Every structure is written in C-alpha cells, then in structure tokens.
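Colleague:
Protein chains: 2
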Amino acid sequence: MVMSFFSKLSVREQQQKVRDEAILEATSLLLARKGYDLMTMDEVAAEAGIAKASLYKHFTSKELLAAAVMTRLLDNALAFLGGLPPETSAREKMQALLRWALDLRLGGGLPLLPSMNPTLQSTLLANRAYVERILKLNGRMAELVKTAQAQGVIDPELPTEVIMFTLYARTCDPALDYLRMTGKYTNQQVADYLVRVAFAGLRGTPT
Amino acid sequence: MVMSFFSKLSVREQQQKVRDEAILEATSLLLARKGYDLMTMDEVAAEAGIAKASLYKHFTSKELLAAAVMTRLLDNALAFLGGLPPETSAREKMQALLRWALDLRLGGGLPLLPSMNPTLQSTLLANRAYVERILKLNGRMAELVKTAQAQGVIDPELPTEVIMFTLYARTCDPALDYLRMTGKYTNQQVADYLVRVAFAGLRGTPT
DNA sequence: GTCTATACCATGATAGAC
DNA sequence: GTCTATCATGGTATAGAC
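From first to last, the protein sequence lines are chains A and B. Numbered by numbering that gives the first Met the number 0, the letters in the first sequence go through residues 0 to 206 in order. Numbered by numbering that gives the first Met the number 0, the letters in the second sequence go through residues 0 to 206 in order.
1) Report all residues from its chain with a CB closer than 8 angstroms to the CB of A:M0; omit the five preceding and five following residues, and keep chain order.
2) Taking the alpha-carbon positions, what's the B:M40 to B:R195 distance?
3) Quick one: grab the DSSP three-state call for A:G108.
4) Against chain A, with Cβ distances strictly below 8 angstroms, would B:P216 count as a contact?
5) Between the region 159-168 of chain A and the region 132-146 of chain A, do at least 3 Cβ pairs fall closer than 8 angstroms?
6) Can you find a C-beta in chain A that's less than 8 angstroms from the C-beta of B:S3?
7) Are any of the Cβ atoms in chain A nearer than 8 angstroms to that of B:T146?
8) Mind checking whether A:V31 and A:R127 have CB atoms under 8 angstroms apart?
9) Decide if A:L134 is buried, meaning its Cβ has at least 16 other Cβ atoms within 10 Å, or exposed.
10) Can you name, in chain order, every residue of its own chain whose Cβ lies under 6 angstroms from the Cβ of A:G106, other than the five neighbours on each side?
11) Determine which residues of the region 150-173 of chain A have a Cβ less than 9 angstroms from any Cβ of chain B, and write them out in chain order.
12) Checking contacts by CB at 8 angstroms: is B:Y129 closer than that to chain A?
13) Going by alpha carbons, who is nearest to A:P84 out of A:N75, A:A95 and A:F164?
14) Using 8 angstroms as the limit for Cβ to Cβ distance, is A:D191 near chain B?
15) Taking only the alpha-carbon atoms, compute the straight-line gap between A:Y167 and B:V10 and give it to the nearest angstrom.
16) How would you list, in chain order, the residues of chain A whose beta-carbon sits under 9 angstroms from the beta-carbon of B:A196?
17) When you compare the CB of B:L37 with every CB in chain A, is at least one pair closer than 8 angstroms?
18) Helix, strand or coil: which one does DSSP assign to A:Q14?
19) So that I know if they touch, is there some Cβ in chain A lying closer than 8 angstroms to that of B:G203?
20) For B:G151 and B:Y192, I'd like the C-alpha separation in whole angstroms.
This is the structure:
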C-alpha cells in the first residue's frame, strides 16, 4: 500500500503510539506497585482509561505487555548510560545508573525485576527485543565494571558478574520500601543511603 | 476435662504437631520456590501428602498458614542468634545471621519476606504471634548494630535502621539466584560473596 | 473424628459479536 | 474501539468414607 507521510494512516499510527505509550506507562506504575502476579489486566485498562478488550487489541497477552514494559525500561537505562558526559568515570557511571533506577522507583516507575513467575520468565527470555536489550546492557556494564576494577575503585577480587548482579539487585532492594515506611527520611536521603551502602557496605569506608 | 499426660489425647496431640510440622515444612519450600501469590493450597496439600480439605482443618486459610510459617522462621532465627557462643562479637553475630539465612535459602528453605501482597501484609501485622517475634528480633538486632557501631566495625554514620533493614534485605538478595543460575559457583562461594559484599560493599575494603 | 472427593464461587485472562 | 461471553484456576465449604 502506497501512502504519504501525512496521510490519515500516519496520523492514526501516531495515535496508536500515544495510546501504546499510555498503556505502557500505566502498566509500569502497576507493575511497580503490585508486581506482575497481582497486577490484573482490568486494572491496567482502568488506569489507561480504556476497556479491557481494547487493551488486548494493543497487547495480545499480559506477558507480552510486561515484556514491552521491561524492554522500554531497558531502553531508558541504555539511553541514560549513553547520555552521561564522556568525562564521567566508570564508577561514577555505575553509581549514577543505580541512582537513576532508585529515583525511578521512588517515583513509582520501576517495575521490579522479573519476580520469579516462571511463565513470565520464559516469555521474557523468548522475547527477541527484550533479550537483545539485556545483552546490550550487560555488555556495557561489564565494560564499566572491568574498568573500575582496573582502576582499583571497585573490589578487583570479585568476579565481574558478582558486581553486575549486585548492582541489578540493588535497584530492587526492599530496604528502600522499609526505609520509606518509617517516614523518617526524604526520598533523597533514602536513595543516598542505599547507594552509599551498596558501594561502601555496612562496614563503611575507613577513612 | 481431666486427663493424664500419657492419655491418648496427648499422643494424638503429638500426631497433630508432627503433621503441622510437615505442612509448615512443605509450605516453607513452596513459599521459597514460588512466593506467596503463586503458591496454591493444592500444591501445599500435595507436597505434605494430604488432601486439600484436611489442610484446611489444620490451617483455616492460606494467609494464616503463611503467617505460621513466617512465625516459625522468626523463631528459628531467634534461636540461632541465642545459640551463638557468648564470645561472638556483635558484628560476627550479624554476619552469622545473614549467613544462616543465605544458607537456608540455598537449601530451598527460606520463604522470601512478605512479598508485597497487601492482604498478606495486613494479615501478618494483625497476627499477634508474628508481630511479637518481629519486635523481639528487631530488638536484638538493634542492640547488635549499636554495639558494632560503637566498636567502629560498622559504619557509625548510618542510622541503626538503615543497617538493620539492609541486613534483612540481603537475606532475600536476588543476586543469589542470578549467581546460582550461572552455574559457575558453589553454594559456599555464592554465600561468601554475598556476605562479603553486604559488609564491605562493591568498593571492597582498602586494606 | 480425621481424611477424600466433590461442589461452589469469585476472579481474571481471553475470544467473539457489535 | 466497547460490551458481553467463555473458560480455567484457585480459595473455601460441605458430604460422606474409614
């Protein structure tokens, strides 16, 4: 089919994108708030302001919807990393990424990592787009970690994977929720503490 | 009703305890493996070798069952802490408790902390026995943390709560699962890494 | 009296008719 | 796009066997 760039179809496609984006945003919020298992498609539809069946016109299954959200999230993470000024050190980049994720979570926008729902897990791993992003991010992270280790600012005795996985894990650290529940700290303070503890540990850095 | 200590009822009560224990153990495994939401009462019954309806004779709801498991877990944690030799330092005790929890998890026996299922959460907080244990453990932990901070072996600039919550959070660190999935490390190594990173951080301890 | 089998009922993911 | 089924799942209650 031939069409101009300004045809009605193009506009309609843009509308689609806008709607898709709204759905993804709603899903993101709900995933962050309740997790995959407890999130229902009814809620997503309500939050996005459309009917449930309409939702299924956009995303053909709950799992695919979740995969789309996770993929978008990884894209954002990669974009964030890529957008950091070139003079930023490797360790600073690692720290900034963790901070970015924690801030996202404090704003209600970070879907927890794939809980351990097995069906979701396998759907994700079968999802070309998702896996591609994961691999790309892993590659970037591995570089940063190795550089930082070579510079001696990250424990060189730890396997690269341990560092990477720990960083990923810290983005969904439940301590964040606990601290927030006390009501004693600002979001900034909570994030500061978590980043600090992730890098310096409970022992702290002796001078 | 009057009865001897060796009456049949007493025996029957013992049978009850044994069965209860088997159910709790089965639930523990399943909670650890699938989490609360995905665990079904059918599975629990199957794993415990009884019928679903019988299960409901022992525990009148899924939530109460989970609460019982969590309470038992906290009892075990308290017993473990209490059983450490008196000469153990505060920091060693903290470390030992984390290690104990991680070993439990590696053995498949640690139900993750209350996911964030809201109904479960409120059931737990309404459960006298559970809350009692939580408060007791929190008390013990707060003592240990303060002592260790006073001794300068735990970062004294961090609020006690940050330390405590971080420790709790580390017991369910997803990095453990990631590392195990690589298949590159023994369970011992995985636990060693996690404990080390929890206390020394990613930066490591500069000599 | 304790377990088994089965029935009930709400919820939530999908599919099909307008 | 919406509205209205369908269909499976899973928590809970009951009815009857040993």
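Every residue gets a Cβ at the ideal spot worked out from N, C-alpha and C, and that includes glycine. This structure is a prediction, so every number in the text was calculated from the model and none was measured.
Modeller: Looking at the coordinates:
1) Here residue 0 of chain A is taken as the residue at index 1 of the first sequence, counted from 1. At A:M0 the pLDDT is 45, less than 50, meaning the model places this residue with poor confidence; the figure from the coordinates comes in the next sentence. Excluding positions up to five away in sequence, the list is empty.
2) For the purposes of this step, residue 40 of chain B is taken as the residue at position 41 of the second sequence. For the purposes of this step, residue 195 of chain B is taken as the residue at position 196 of the second sequence. When rounded, the distance between both Cα atoms is 38 angstroms.
3) Residue 108 of chain A sits at position 109 when you count from the first residue of the first sequence. In the three-state DSSP reduction, A:G108 falls in the coil class, being neither helix nor strand.
4) Chain B is shown from 0 up to 206; residue 216 of chain B falls before or after that span and cannot be answered.
5) By the Cβ criterion, the region 159-168 of chain A is in contact with the region 132-146 of chain A, since at least three pairs of Cβ atoms, one from each stretch, lie closer than 8 angstroms.
6) Position 4 of the second sequence, counted from the start, is the residue given in the question as residue 3 of chain B. Here B:S3 scores only 48 on pLDDT, less than 50, and its place in the model should not be relied on; the value that follows carries that caveat. No - not a single Cβ of chain A is within 8 angstroms of the one on B:S3.
7) Residue 146 of chain B sits at position 147 when you count from the first residue of the second sequence. Residue-level contact by beta carbon fails for B:T146 and chain A, as no gap is shorter than 8 angstroms.
8) The residue labelled residue 31 of chain A in the question sits at position 32 within the first sequence. The residue labelled residue 127 of chain A in the question sits at position 128 within the first sequence. One detail in the question is off: residue 31 of chain A reads as Ala in this sequence, not Val. Against a cut-off of 8 angstroms, the Cβ pair of A:R127 and A:A31 comes out as no contact.
9) Mapped onto the first sequence, residue 134 of chain A falls at position 135. For A:L134, the number of other beta carbons within 10 angstroms of its own is below 16, and it is reported as exposed.
10) As a position in the first sequence, residue 106 of chain A is number 107, starting the count at 1. Excluding five sequence positions before and after A:G106, none of the CB atoms of its chain fall closer than 6 angstroms to its own CB.
11) Answer in chain order: G151, V152, I153, D154, P155, E156, L157, P158, E160, V161, I162, M163, F164, T165, L166, Y167, A168, R169, C171, D172 and P173.
12) Position 130 of the second sequence, counting from 1, holds the residue named residue 129 of chain B. Not closer than 8 angstroms to any Cβ of chain A, the Cβ of B:Y129 fails to qualify, so no.
13) Residue numbering aside, residue 84 of chain A sits at position 85 when the first sequence is read from its first letter. The residue with the shortest Cα to Cα distance from A:P84 is A:A95.
14) Sequence index remark: in the first sequence, residue 191 of chain A carries index 192 (1-based). With 8 angstroms as the cut-off, A:D191 does not count as an interface residue toward chain B.
15) Looking up residue 167 of chain A in the first sequence gives position 168. Looking up residue 10 of chain B in the second sequence gives position 11. If you take the alpha carbons of A:Y167 and B:V10, they lie about 51 angstroms apart.
16) Translated into the one-based positions of the second sequence, residue 196 of chain B becomes position 197. The amino acid at residue 196 of chain B is misidentified as Ala; the sequence shows Val. Chain-order list of chain A residues neighbouring B:V196: D154, L157, V161, I162, T165, A197 and G200, by C-beta distance under 9 angstroms.
17) The residue labelled residue 37 of chain B in the question sits at position 38 within the second sequence. At least one chain A Cβ lies under 8 angstroms of B:L37.
18) Translated into the one-based positions of the first sequence, residue 14 of chain A becomes position 15. Of the three classes helix, strand and coil, the one that applies to A:Q14 here is helix, per DSSP.
19) Walking along the second sequence from the start, residue 203 of chain B turns up at place 204. Put simply, the CB of B:G203 is near chain A, with a gap under 8 angstroms to one of its CB atoms.
20) Here residue 151 of chain B is taken as the residue at index 152 of the second sequence, counted from 1. Here residue 192 of chain B is taken as the residue at index 193 of the second sequence, counted from 1. Each residue's alpha carbon lies about 22 angstroms from the other.
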